[in-house]
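*Asks:*
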Amino acid sequence: MKGKESKDLCNICWSAKAVLHLTQIENNQMSSFHLCEKCAADKGVDLPKESVDIPLTGFLAQIGEDLADQQSSESSDVCFFCGLAFNDFREAGQLGCPHCYTTFEVHIRGLLRRIHGSTQHVGKVYLSPDPNISEMEEQLEILRHKLQRAVDSENFERAAEIRDKIRDMEPAGS
Numbered sequence: 031m032k033g034k035e036s037k038d039l040c041n042i043c044w045s046a047k048a049v050l051h052l053t054q055i056e057n058n059q060m061s062s063f064h065l066c067e068k069c070a071a072d073k074g075v076d077l078p079k080e081s082v083d084i085p086l087t088g089f090l091a092q093i094g095e096d097l098a099d100q101q102s103s104e105s106s107d108v109c110f111f112c113g114l115a116f117n118d119f120r121e122a123g124q125l126g127c128p129h130c131y132t133t134f135e136v137h138i139r140g141l142l143r144r145i146h147g148s149t150q151h152v153g154k155v156y157l158s159p160d161p162n163i164s165e166m167e168e169q170l171e172i173l174r175h176k177l178q179r180a181v182d183s184e185n186f187e188r189a190a191e192i193r194d195k196i197r198d199m200e201p202a203g204s
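The sequence shown: position 86 = 116 (the working numbering), numbered continuously.
(1) Is it the case that the Cβ atoms of serine 62 and histidine 51 are separated by a distance below 8 Å?
(2) I need the straight-line Cα distance from glutamate 171 to phenylalanine 119, nearest angstrom please.
(3) DSSP three-state call for valine 108: helix, strand or coil?
(4) Which residues in the same chain have their Cβ closer than 8 Å to the Cβ of leucine 173, if we skip the five residues on either side of it in sequence?
(5) Mind reading off the beta-carbon distance from histidine 129 to phenylalanine 116? Whole number of angstroms is fine, and I expect it under 8 Å.
(6) Nearest to phenylalanine 134 by CA position, among Cys112, Lys73 and Gln59, is which residue?
(7) First and last residue of the alpha helix (DSSP H) that includes aspartate 134?
(8) Which residues mark the beginning and the end of the alpha helix (DSSP H) in which isoleucine 196 is found?
(9) Please state whether the Cβ-Cβ distance between threonine 132 and arginine 139 is less than 8 Å.
(10) Excluding five sequence neighbours on each side, which residues of the same chain lie with their C-beta closer than 6 Å to the C-beta of lysine 176?
(11) From the DSSP secondary-structure annotation, give me the bridge partner or partners of methionine 60.
(12) Give the DSSP-derived three-state secondary structure of threonine 46 in the structure shown.
(13) According to DSSP, simplified to helix, strand and coil, what is leucine 39?
(14) Taking only the alpha-carbon atoms, compute the straight-line gap between arginine 188 and glutamate 165 and give it to the nearest angstrom.
(15) Exposed or buried, serine 103, counting other C-beta atoms within 10 Å across all chains shown (16 or more means buried)?
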């Protein structure tokens, strides 16, 4: 009975009936949070003033019509460059050429939205190597050659100077 009562009450004020129920799944752990109308408004959540009453049968029929329209438009889509049909892409899971991305953009965005929840990448990005590091590596390589020539010619004072420059330039732990 306690679980039912806590679900019916707001998790902030613990006095009003919860009208907003949030469920979050993170790292295979599910947590639920329940808010009353006042506490939800205090948190900046806008709730509809009236309940939306959509008959389920009408809703499902509309989805069916939308899918039929989408499938008929998908079957007519063909890449102008490589000739790949969208249905072929759906079966193979691979696009034929770079132009397919623009030809099937609407459909690909829909797929990304369904699979990933968004069409925007918000994760980590590849950072290209720092050009300054490349220059420094090049300078270190030149200094190493100069060091070798100084040692070969038995110019040890010059070799010690070059060695110290190399140590100053090398990153810690190298």
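Backbone N, C-alpha and C fix where the C-beta goes; we use that ideal spot for every residue, glycine too.
*Replies:* Answer, in terms of the structure:
(1) Start at 1 with the first residue of the sequence shown, and residue 62 comes out as number 32. Start at 1 with the first residue of the sequence shown, and residue 51 comes out as number 21. For serine 62 and histidine 51, yes; Cβs fall inside 8 Å.
(2) On the sequence shown, position 141 is the one that residue 171 refers to. On the sequence shown, position 89 is the one that residue 119 refers to. Between the alpha carbons of glutamate 171 and phenylalanine 119 lies a gap of roughly 49 Å.
(3) Position 78 of the sequence shown holds residue 108. Assignment of valine 108 by DSSP, reduced to helix, strand and coil, places it in the strand class.
(4) Taking the first residue of the sequence shown as 1, we reach residue 173 at position 143. Within the same chain, Ile192, Lys195, Ile196 and Met199 come within 8 Å of leucine 173 by CB-CB distance, once the 5 residues on both sides are set aside.
(5) Your numbering for residue 129 matches position 99 in the sequence shown. Your numbering for residue 116 matches position 86 in the sequence shown. Cβ atoms of histidine 129 and phenylalanine 116 stay farther apart than 8 Å, at about 13 Å.
(6) The residue you call residue 134 lines up with position 104 of the sequence shown. Nearest C-alpha to phenylalanine 134: Cys112.
(7) Mapped onto the sequence shown, residue 134 falls at position 104. Per the sequence shown, the amino acid found at residue 134 is phenylalanine instead of aspartate. Premise fails: phenylalanine 134 is in no alpha helix (DSSP H) and is neither H nor E.
(8) Within the sequence shown, numbered from 1, the residue matching residue 196 stands at position 166. 186 to 199 is the extent of the alpha helix (DSSP H) around isoleucine 196.
(9) Numbered from 1 along the sequence shown, position 102 holds the residue referred to as residue 132. Numbered from 1 along the sequence shown, position 109 holds the residue referred to as residue 139. No, the Cβ-Cβ distance between threonine 132 and arginine 139 is not below 8 Å.
(10) Counted from its first residue, the sequence shown places residue 176 at position 146. Counting only Cβ-Cβ distances below 6 Å, and skipping sequence neighbours, we find Ile192.
(11) Indexing the sequence shown from 1 puts residue 60 at position 30. Bridge partners of methionine 60: Ile55.
(12) On the sequence shown, position 16 is the one that residue 46 refers to. Correcting the residue identity first, residue 46 is alanine in this sequence and not threonine. Note: alanine 46 maps to coil in three-state DSSP.
(13) As a first step, residue 39 is located in the sequence shown; it is residue number 9 there, counting from the start. Strand.
(14) Mapped onto the sequence shown, residue 188 falls at position 158. Mapped onto the sequence shown, residue 165 falls at position 135. Spanning the two alpha carbons is a distance of roughly 23 Å.
(15) Position 73 of the sequence shown, counted from the start, is the residue given in the question as residue 103. Because serine 103 sits at a pLDDT of 49, beneath the cut-off of 50, its placement in the model cannot be relied upon, and the point is left open.
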